[in-house]
Amino acid sequence: MLNYDIVIVGGGPAGLAAAVSAKRSGVESILVLERDKELGGILNQCIHNGFGLHTFKEELTGPEYAGRFIEQLEEEKIEYKLNTMVMDIADNKVVTAMNREEGMFEIQAKAIVLAMGCRERSRGALNIPGYRPAGIYSAGTAQRLVNMEGYMPGREVVILGSGDIGLIMARRMTLEGAKVKVVAELMPYSGGLKRNIVQCLDDYGIPLKLSHTVVDIEGKERVEAITIAEVGPDRRPVPGTEERYTCDTLLLSCGLIPENELSRSLGVEMSPVTSGPLVNECLETNVEGVFACGNVLHVHDLVDFVSEEASAAGKHAAEYVLNGAKHQESSAKDIPIVAVEGARYTVPKSINPDRMDEKHTVRFRVGDVYKNCYVSVYLNEERIIHKKRPVVAPGEMEEVVLKKEELAAFSNLSQITVKIEEA
Amino acid sequence: METRELICIGCPMGCPLKVEMNNDEVVSVSGNTCKRGDVYARKEVTNPTRIVTSSVIVEGGSLAAVSVKTKEDIPKGKIFDIMKDLKGVKVQAPVHIGDVIVSDVAGTGVDIIATKNVL
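Residue numbers (this note's numbering), protein chains in the order written: chain A, 1 to 423; chain B, 424 to 542.
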């Protein structure tokens with residue numbers, strides 16, 4: 001059996017940042033396991049720019065952003081294995097993995113960082129009626145084909161879902177000579193960033209139809225036409241509103257799901273809202289010494305925040321290795337953070353006023369579009385943050401900053417509440 | 424006097440902006456709720472620019488394609504000319520981040536550079 005202090009599952013943006021941070025926090029023995037043939041994860045296919053404004057203060061493309069972190073990994077001489085699939089993580093921290101050279105093998109770790117990322121919601125999970133011909137792709141699959149493998153998935157395209165990958169692919173397919181006829185979005189608002197709607201759809205005159213969904217797919221061998229219809233407030237199609245588009249391709253950009261099979265079988269407690277692990281402010285799960293970060297924890301809009309979160313996870317994993325369970329010892333108890341009234345969840349789900357840093361950023365998403373509202377934080381019944389916001393939307397992650405001195409000074413603190421209050 | 428309508432990309436608010444133009448001069452910007460909307464509108468109506476990203480075929484490397492971008496932003500109206508110039512471009516591995524793939528693309532004076540290492 002191999003032995004490492006920290007095993008990191010996943011070599012995408014989260015795994016890379018966690019590894020570099022753990023090494024710089026004083027742990028020498030680190031192994032990153034990546035199932036693809038190269039490091040960098042999904043950034044390798046995100047060839048558009050806009051990454052790194054927070055981290056590097058410049059606009060980079062996805063591969064360039066990944067390149068910066070891969071360089072740091074090489075500089076720190078951190079070990080990694082490519083083409084390697086993790087099959088199982090046992091609660092004694094034995095990681096079972098396999099690849100073509102070594103077959104199946106086991107690694108005993110002292111701490112584990114979960115950084116497996118997420119995957120796209122597929123047609124099967126969407127209940128779209130119609131035939132099952134060729135020409136239906138998830139937006140990310142199309143992105144990989146066009147950007148990395150040099151194939152065009154189709155010439156006339158309809159896109160369902162206005163998540164960022166769908167918007168980015170509307171532009172990309174257009175630039176490569178395809179005709180993107182329409183982007184249909186089930187919800188009355190887009191799930192993507194505003195800048196992507198303007199720069200990927202409006203720039204190219206691609207219509208976005210909100211409150212619309214696909215009601216029929218025609219074609220037996222290959223997609224021949226797609227019918228979309230408006231949906232009512234109950235999100236069911238309204239009869240008589242159908243519009244038919246001839247096309248050869250349907251792209252699906254209908255949400256991302258954290259990839260947590262390994263976490264679940266390990267017994268990690270999960271959030272039903274994010275489909276990611278529940279973590280404390282050290283990003284540690286309920287399984288001692290197992291940490292989570294990046295899109296496996298909750299789906300982010302900006303990779304910069306993934307890197308920041310993963311650096312924290314790497315640092316805490318290193319502290320766990322260096323100090324054992326002592327790193328968790330605290331004179332105070334963990335205070336639960338509860339998301340209500342508009343706020344859907346928070347990461348972390350608890351915070352320890354004694355153990356926390358001077359300031360801690362709590363990230364969350366809202367469940368609807370709210371205009372002229374307040375983001376509020378309560379310690380028990382007392383409101384300590386009441387931040388006016390012109391608008392908050394589900395497509396853009398929100399944050400509030402908790403201060404150690406405020407939490408520590410509050411006697412009998414039993415609950416922190418995050419909510420959206422309308423004006 | 425002509426009016427241009429835009430959506431601000433400064434924040435999720437997405438203010439609907441109205442820009443009053445006199446020939447090529449901006450007379451006024453309205454609809455914005457903060458200063459950023461004003462700045463964005465003036466740039467967008469007088470000199471809209473974009474970074475163009477794409478990928479080109481690479482031969483003899485570990486991957487089939489290498490991602491590329493314009494080294495600086497280019498006038499928005501030149502996007503499709505640039506895509507035309509990139510059509511059929513093939514490079515030989517190894518390629519490194521920052522390598523010039525096409526110089527002075529579509530007469531913009533801007534180079535196309537690689538954004539990924541393909542060895």
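For each residue, glycine too, the CB sits at the ideal point set by N, CA and C.
None of these values were measured; they are calculated from a predicted model.
Checking 9 angstroms against the spacing of the C-beta atoms, do residue i and residue j come in under that value?
i       : j       : result
K359(A) : S376(A) : no
I107(A) : L31(A)  : yes
A488(B) : S478(B) : yes
I524(B) : V533(B) : no
G166(A) : L175(A) : no
M104(A) : A115(A) : no
H298(A) : R235(A) : no
V113(A) : I6(A)   : yes
I420(A) : C373(A) : yes
L278(A) : E309(A) : no
M187(A) : L210(A) : yes
Y151(A) : T249(A) : no
L256(A) : C46(A)  : no
E101(A) : Y4(A)   : no
E64(A)  : K539(B) : yes
Tell me which same chain residues have a C-beta within less than 7 angstroms of the C-beta of residue i, skipping the five on either side of it?
i       : result
E396(A) : L193 and D301
E38(A)  : N44 and L82
T472(B) : D496, I497, P498 and K499
G367(A) : G342, R344 and P394
E399(A) : T361, V362 and R363
At the level of alpha carbons, what is the spacing between residue i and residue j?
i       : j       : result
G511(B) : G62(A)  : 23 angstroms
Y189(A) : R344(A) : 17 angstroms
T426(B) : V450(B) : 10 angstroms
V442(B) : N196(A) : 21 angstroms
P390(A) : E242(A) : 35 angstroms
K494(B) : I536(B) : 6 angstroms
T246(A) : I502(B) : 27 angstroms
M87(A)  : A22(A)  : 23 angstroms
D357(A) : K404(A) : 7 angstroms
G530(B) : L486(B) : 29 angstroms
D202(A) : C254(A) : 20 angstroms
I480(B) : R155(A) : 20 angstroms
E319(A) : S25(A)  : 8 angstroms
A66(A)  : G40(A)  : 5 angstroms
T469(B) : E59(A)  : 22 angstroms
V462(B) : I430(B) : 13 angstroms
V238(A) : V392(A) : 28 angstroms
E381(A) : P233(A) : 34 angstroms
G11(A)  : N127(A) : 33 angstroms
L251(A) : H316(A) : 39 angstroms
K513(B) : G177(A) : 18 angstroms
T224(A) : R121(A) : The amino acid occupying residue 224(A) in the given sequence is Glu; Thr does not appear at that position. The straight-line gap from Cα to Cα measures roughly 23 angstroms.
S526(B) : K492(B) : 12 angstroms
Y204(A) : V452(B) : 23 angstroms
K458(B) : S414(A) : 41 angstroms
L440(B) : T456(B) : 9 angstroms
T227(A) : M169(A) : 20 angstroms
N369(A) : F51(A)  : Sequence check: residue 369(A) is Val here, not Asn. About 25 angstroms.
G191(A) : V158(A) : 17 angstroms
G433(B) : K110(A) : 45 angstroms
V27(A)  : N260(A) : 26 angstroms
N49(A)  : G276(A) : 27 angstroms
R264(A) : D304(A) : 27 angstroms
T346(A) : V401(A) : 12 angstroms
Within a Cβ cutoff of 8 angstroms, which residues of the same chain sit near residue i, ignoring the five residues on either side of it in sequence?
i       : result
N352(A) : N280, E281, S330, A332, K333, D334 and I335
V287(A) : D91, L266, G267 and V268
V306(A) : P13, A14, A17, C293, G294, N295 and H300
M444(B) : M424, E425, T426, R427, V450 and V468
Ordered along the chain, which non-local residues of its own chain (more than five positions away) have a Cβ less than 6 angstroms from that of residue i?
i       : result
Q72(A)  : V20
V528(B) : I505, D508 and I535
L407(A) : P353
K179(A) : E156
Within 9 angstroms (strictly less), CB to CB, does residue i reach chain D?
i       : result
N127(A) : Given the protein chain composition of this structure (A and B), no chain D is represented.
Considering only residues of the stretch 332-406 of chain A, which uninterrupted beta strand (DSSP E) runs meet the minimum length of 3 residues and lie entirely inside it, listed in chain order?
Counting whole runs of 3 or more residues, the stretch 332-406 of chain A contains the beta strand (DSSP E) stretches 335-340, 343-347, 359-366, 370-379, 382-392 and 398-403.
Considering only residues of the stretch 446-487 of chain B, which uninterrupted alpha helix (DSSP H) runs meet the minimum length of 4 residues and lie entirely inside it, listed in chain order?
Secondary structure remark: continuous alpha helix (DSSP H) runs of at least 4 residues inside the stretch 446-487 of chain B, in chain order: 458-469.
Output the residue ranges of the beta strand (DSSP E) runs that lie fully inside the stretch 33-87 of chain A and measure 3 residues or longer, sorted by chain position.
Restricting attention to beta strand (DSSP E) runs no shorter than 3 residues, the stretch 33-87 of chain A encloses them at 49-51 and 79-81, ordered along the chain.
Please identify, using Cβ separations under 9 angstroms, the residues of the stretch 156-186 of chain A that lie next to chain B, in order along the chain.
Residues passing the 9 angstroms Cβ filter: R172, L175, E176 and G177.
Give the list of continuous beta strand (DSSP E) stretches no shorter than 3 residues that lie fully inside the stretch 130-176 of chain A.
Fully enclosed beta strand (DSSP E) runs of no fewer than 3 residues occupy 136-138 and 156-160 of the stretch 130-176 of chain A, in order along the chain.
Chain B contacts made by the stretch 8-30 of chain A, where a contact means CB separation under 7 angstroms:
Of all residues in the stretch 8-30 of chain A, none has a Cβ within less than 7 angstroms of some Cβ in chain B.
For the stretch 50-79 of chain A, enumerate the residues whose C-beta is nearer than 9 angstroms to any C-beta of chain B, in chain order.
Those residues of the stretch 50-79 of chain A that come within reach of chain B (Cβ to Cβ, closer than 9 angstroms) are G50, E59, L60, T61, G62, P63, E64, A66, G67 and I70.
Listed from N- to C-terminal order along the chain, which residues in the stretch 476-497 of chain B have their beta-carbon within a distance smaller than 7 angstroms of any beta-carbon of chain A?
Flagged, chain order: T476, S477, S478, I480, L486, A487, A488, S490 and K492.
Name, going along the chain, the residues of the stretch 392-409 of chain A whose beta-carbon falls closer than 9 angstroms to a beta-carbon of chain B.
When C-beta distances to chain B are compared with 9 angstroms, the residues of the stretch 392-409 of chain A below that value are V392, A393, G395 and E396, in chain order.
Check each residue of the stretch 127-152 of chain A: if its Cβ is closer than 7 angstroms to any Cβ of chain B, include it; give the result in chain order.
For the stretch 127-152 of chain A, the set of positions with a beta-carbon nearer than 7 angstroms to some beta-carbon of chain B reads N147, M148, E149 and G150 in chain order.
Compile a chain-ordered list of the residues in the stretch 530-541 of chain B whose CB is closer than 8 angstroms to at least one CB of chain A.
Against chain A - using a Cβ distance shorter than 8 angstroms - the residues of the stretch 530-541 of chain B are T538, K539 and N540.
Using a Cβ-Cβ cutoff of 7 angstroms, what residues of the stretch 510-522 of chain B are near chain A? List them in chain order.
Of all residues in the stretch 510-522 of chain B, I520 have a Cβ within less than 7 angstroms of some Cβ in chain A.
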